[in-house]
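Peer 1: Under the numbering used here, the first residue of the sequence shown carries the number 2, and numbering increases by one thereafter. Below is a structure I'd like to ask you about.
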Amino acid sequence: MDVDSTVKGFYEQILQRNAGEPEFHQAVSEVLASLRYVLRKDPHYADNGLIQRLTEPERQIIFRVPWIDDQGQVQVNRGFRVQFNSVLGPYKGGLRFHPSVNLGIIKFLGFEQIFKNSLTGLPIGGGKGGSDFDPKGKSDMEIMRFCQSFMTELERHIGDKVDVPAGDIGVGGREIGYLFGQYRRMTGRHVSGTLTGKGLTWGGSLVRTEATGYGCVYFTQEMMASRGDRLHGAKVIISGSGNVAIYAIEKAQELGATVVAFSDSSGYVSTPDGVDVELLRDIKEVRRLRVSDYVKETNGATFHKGGNIWETEADVALPCATQNELDGEAAKLLADHGVKYVAEGANMPCTHDAIQVFKKRKIDFAPGKAANAGGVATSALEMQQNASRDSWTFEYTDKRLRDIMRNIFKNAARTAEDYDVPRDFVVGANIAGFKKVADAMIAQGVI
Ligand code: NDP
């Protein structure tokens, strides 16, 4: 088999069948590039339409979400749930509420989720959903009415054995609460395993809030340790200031690193002496303010409106905000300033060009599907607790998370070596995630 032209053929079909979905094309193209290595060794993975089936969602749901704002006006948003692949278990993946959401973005996220969930070693399939609803500036009652309307349609498509959504950008504990409340009202049942990221008194898991950020830092620790480096004493840039970023900052500093910059979409804050995490949490999670407000309440931090966070000097960079936030130019800046490790806390924050720069400049790079898998892994631990009507301690759950991240690192590193591309964690993670899904798809027949 001519692997290169076979893969090219697959990609051309993707472009043709999924026009106008650049983020989905980007995610598929990155995975296909890694699959070249697999197909050279094991060409049978191209048989029986396996790749075509893997890149075609099992089901895509698009629905109208009407709701009434505080002025009594009717607003109409669009809701999505893409149930991509359930070969390993019920669909699992977050809901994103952000004005940029469209079908292509949800498909890229759902596609990535398949491999990420496979890497966790837990029995969960891949899915993703959301809406182009913008929670920014909305009142609490507006958020609640929107969530209730969104769930009114979503309810018929989800369930603890079918599809288990969680949070993502714009969907945190508050939104999960309103969504779960409406689900419970509609079904008349308290099936806690239907959503994850729940409150601790009604089926939530300790560590879930912290899990993605902590997990990303645990992965980074492993990656550094494998070169004899440590986070202790390192300078770290962490973009974003949402759920993932806040807990990545917290854990990195707990381990002795100094977080020298964080951001939101309006600019970045430089913090040469480290971040006051308690203040940041209060500003973002309680008062729901902006990062510019952080500098007003502390000394030694400066806000750079519209600035480029990647121009900061550091040893480690953890992009934890959003897709394509770090491009080739930014990657060059990081390399010039001495960054040696990059791990994606967000989904696909680094562009293709950025990843090429990291490769060229010998910077270790961990893709999101490996480095940010701690969130969904802990969601699966939440499902386990719900199924057994149990709740675990913080220490136990955190240890499970740490072990899972260590295993993901080892698995990605070992697979990269098996395919003669040592320390290429993109190829390692893609292939390790793919093979488990592909073998299960082969075993379960053409469906
Ligand atoms: P949040 O909504 O809690 O936070 C998102 C943060 O990113 C905010 O600080 C936001 O700032 C910032 N941001 C958004 N767009 C931009 C931009 N263009 N430039 C700079 N900053 C920006 O989301 P999460 O922290 O939950 O998610 C962050 C990323 O992590 C996403 O890619 C998500 O898919 C991924 N992820 C999340 C998981 C989770 O468990 N939550 C699990 C795995 C991955 P602003 O307020 O200005 O918009």
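Glycine included, C-beta positions come from ideal geometry on N, C-alpha and C. All figures in this text were calculated on a predicted structure; none of them were measured in a lab.
Between the region 195 to 207 and the region 375 to 386, are three or more C-beta pairs nearer than 8 Å?
Peer 2: yes
Peer 1: Whole angstroms are fine: how far does the CA of residue 58 sit from the CA of residue 272?
Peer 2: 43 Å
Peer 1: Quick check: is any heavy atom of the ligand NDP less than 7 Å from the C-beta of residue 34?
Peer 2: no
Peer 1: Suppose you measure from the CA of residue 40 to the CA of residue 156; what does that come to, to the nearest Å?
Peer 2: 40 Å
Peer 1: Can you give me the C-alpha to C-alpha distance between residue 85 and residue 17, rounded to a whole angstrom?
Peer 2: 19 Å
Peer 1: Pick from 290, 263 and 279: whose alpha carbon is nearest that of residue 302?
Peer 2: 263
Peer 1: Does the region 136 to 148 come close enough to the region 114 to 124 that 3 or more CB-CB pairs lie under 8 Å?
Peer 2: Counting C-beta pairs with one atom in each stretch, the region 114 to 124 and the region 136 to 148 have fewer than three that are closer than 8 Å, which means they do not touch.
Peer 1: Could you give the distance in angstroms between the alpha-carbon of residue 312 and the alpha-carbon of residue 336?
Peer 2: 10 Å
Peer 1: Quick one: give me the first and last residue of the alpha helix (DSSP H) that residue 239 is part of.
Peer 2: Premise fails: residue 239 lies in the beta strand (DSSP E), 236 to 240, not in any alpha helix (DSSP H).
Peer 1: Compute the minimum distance between the beta carbon of residue 125 and the heavy atoms of the ligand NDP, and state whether it is under 7 Å.
Peer 2: no
Peer 1: Could you pull out every residue in the same chain whose Cβ sits closer than 7 Å to the Cβ of residue 107, ignoring the five residues on either side in sequence?
Peer 2: 81, 83, 129, 130 and 131
Peer 1: State yes or no: is the C-beta of residue 179 within less than 8 Å of the C-beta of residue 375?
Peer 2: no
Peer 1: Which residue from 410, 202 and 442 puts its Cα closest to that of residue 429?
Peer 2: 410
Peer 1: Just checking residue 322 against the ligand NDP - is the residue's beta carbon closer than 7 Å to any of the ligand's heavy atoms?
Peer 2: yes
Peer 1: Start and end of the alpha helix (DSSP H) containing residue 60?
Peer 2: Unbroken run through residue 60 is the beta strand (DSSP E), 60 to 69; no alpha helix (DSSP H).
Peer 1: Out of 327, 425 and 331, state which residue places its alpha-carbon closest to the alpha-carbon of residue 371.
Peer 2: 425
Peer 1: One question on the structure: do residue 315 and residue 345 come within less than 8 Å of each other, judged by their Cβ atoms?
Peer 2: no
Peer 1: Alpha carbon to alpha carbon, what distance is there between residue 46 and residue 1?
Peer 2: As displayed, the chain neither begins before 2 nor continues past 448, which places residue 1 out of reach and without an answer.
Peer 1: Give a single yes or no on whether residue 302 has its beta carbon closer than 7 Å to a heavy atom of the ligand NDP.
Peer 2: no
Peer 1: Roughly how many whole angstroms lie between the Cα atoms of residue 349 and residue 325?
Peer 2: 6 Å
Peer 1: Since residue 248 sits in a beta bridge, which residues does DSSP pair it with?
Peer 2: BP columns for residue 248 are empty, so no partner.
Peer 1: Are the beta-carbon atoms belonging to residue 248 and residue 286 less than 8 Å from one another?
Peer 2: no
Peer 1: With which residues is residue 351 paired in a DSSP beta bridge?
Peer 2: DSSP, once it has assigned bridges, lists 327 as partnering residue 351.
Peer 1: Using a beta-carbon distance below 8 Å, is residue 8 in contact with chain C?
Peer 2: Included in the structure is just one protein chain, with no chain C present.
Peer 1: Is there at least one non-hydrogen atom of the ligand NAP closer than 7 Å to the beta-carbon of residue 118?
Peer 2: Of the ligands this structure carries, namely the ligand NDP, none is the ligand NAP.
Peer 1: Can you tell me where the alpha helix (DSSP H) holding residue 430 begins and where it ends?
Peer 2: 426 to 444
Peer 1: Is the beta carbon of residue 246 within less than 7 Å of some heavy atom of the ligand NDP?
Peer 2: yes
Peer 1: Quick one: is residue 451 buried, meaning 16 or more other Cβ sit within 10 Å of its Cβ, or exposed?
Peer 2: Residue 451 lies beyond the range of the chain shown here (2 to 448); nothing can be said about it.
Peer 1: Should residue 51 and residue 439 be called a contact, given that it needs their Cβ atoms to be closer than 8 Å?
Peer 2: yes
Peer 1: Could you tell me the boundaries of the beta strand (DSSP E) in which residue 265 lies?
Peer 2: 259 to 265
Peer 1: I need the straight-line Cα distance from residue 110 to residue 231, nearest angstrom please.
Peer 2: 31 Å
Peer 1: For residue 7 and residue 25, what's the separation of their Cα atoms in angstroms?
Peer 2: 19 Å
Peer 1: For the beta strand (DSSP E) containing residue 123, name the first residue and the last one.
Peer 2: Where residue 123 is concerned, there is no enclosing beta strand (DSSP E), given that its DSSP letter is neither H nor E.
Peer 1: Taking residue 387 as part of the alpha helix (DSSP H), name the residues at either end of that continuous run.
Peer 2: 375 to 388
Peer 1: Let me confirm a value: residue 445 is counted as buried when at least 16 other C-beta atoms fall within 10 Å, else exposed. Which label applies?
Peer 2: exposed
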